Amino acid sequence: MTLLPHFPWLVVLLAVVLLGDATLSLRPPSFIRNCLTGVGFPRQWWWTLLVIKVLAAAGLLVGLRVPGVALAACTGVICYFLCAIVAHIRAGFMGRELWINCLGMLALAAVTAIASFVG
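The sequence shown maps to residues 4 to 122 in this note's numbering.
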């Protein structure tokens with residue numbers, strides 16, 4: 004296993020998607036509001052998700068040059084979306100937000116981790 008990504012473009016792609024998600028979260032559109040409300044995430048804590056996504060994206064980008072940082076950030080993104088899936092399941096909020104958003108982002112983060120850091 005190497006601690007610098009084999010496919011930097013994949014790490015950059017995940018960072019860009021996270022930054023886009025964070026940007027959307029500044030003024031959440033209805034599908035994000037419905038998702039957060041549907042899982043029972045308190046509105047006064049919504050800002051924390053924005054911070055987490057921006058920090059994860061920054062970690063991914065820093066990790067292009069600093070060994071281990073992108074792998075740690077990618078692992079954090081995977082954990083974040085696993086927690087989101089658990090929140091959806093616990094709340095019984097199993098609509099397309101779970102299937103498209105959470106599982107899609109989990110898949111992107113997992114593919115990034117596996118392709119970029121294994122082997």
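Backbone N, C-alpha and C fix where the C-beta goes; we use that ideal spot for every residue, glycine too. Predicted, not measured: the structure shown is a model, and the values here were computed from it.
Using CA atoms only, rank isn't needed, just tell me which of the options is closest to residue i.
i, options, result
"Trp-48", "Leu-29, Gly-66 and Pro-70", "Leu-29"
"Ala-90", "Arg-99, Val-42, Val-15 and Phe-120", "Val-42"
"Leu-13", "Trp-50, Cys-77, Leu-27 and Lys-56", "Cys-77"
"Val-54", "Leu-22, Phe-44 and Ser-33", "Leu-22"
"Ala-94", "His-9, Thr-40 and Val-15", "Thr-40"
Identify, in the order they occur along the chain, each residue of the same chain with its Cβ nearer than 7 Å to the Cβ of residue i, setting aside the five sequence neighbours on each side.
i, result
"Val-72", "Gly-62, Val-65 and Gly-66"
"Leu-6", "Pro-70, Gly-71 and Leu-74"
Using 10 angstroms around the beta-carbon of residue i, count the other beta-carbons present and answer buried if the total reaches 16, otherwise exposed.
i, result
"Met-108", "buried"
"Val-19", "exposed"
"Pro-45", "exposed"
"Pro-32", "exposed"
By Cβ distance below 6 Å, which residues in the same chain neighbour residue i in space, the five residues on each side in sequence not counted?
i, result
"Glu-100", "Cys-38"
"Tyr-83", "none"
Original post:
For the 8 Å Cβ check, are there 3 or more pairs between the region 82-100 and the region 115-122?
Top reply: No: fewer than three Cβ pairs fall under 8 Å.
**OP:** List in chain order: all unbroken alpha helix (DSSP H) runs of 4+ residues lying wholly within the region 19-74.
**Re:** 33-41 and 49-65
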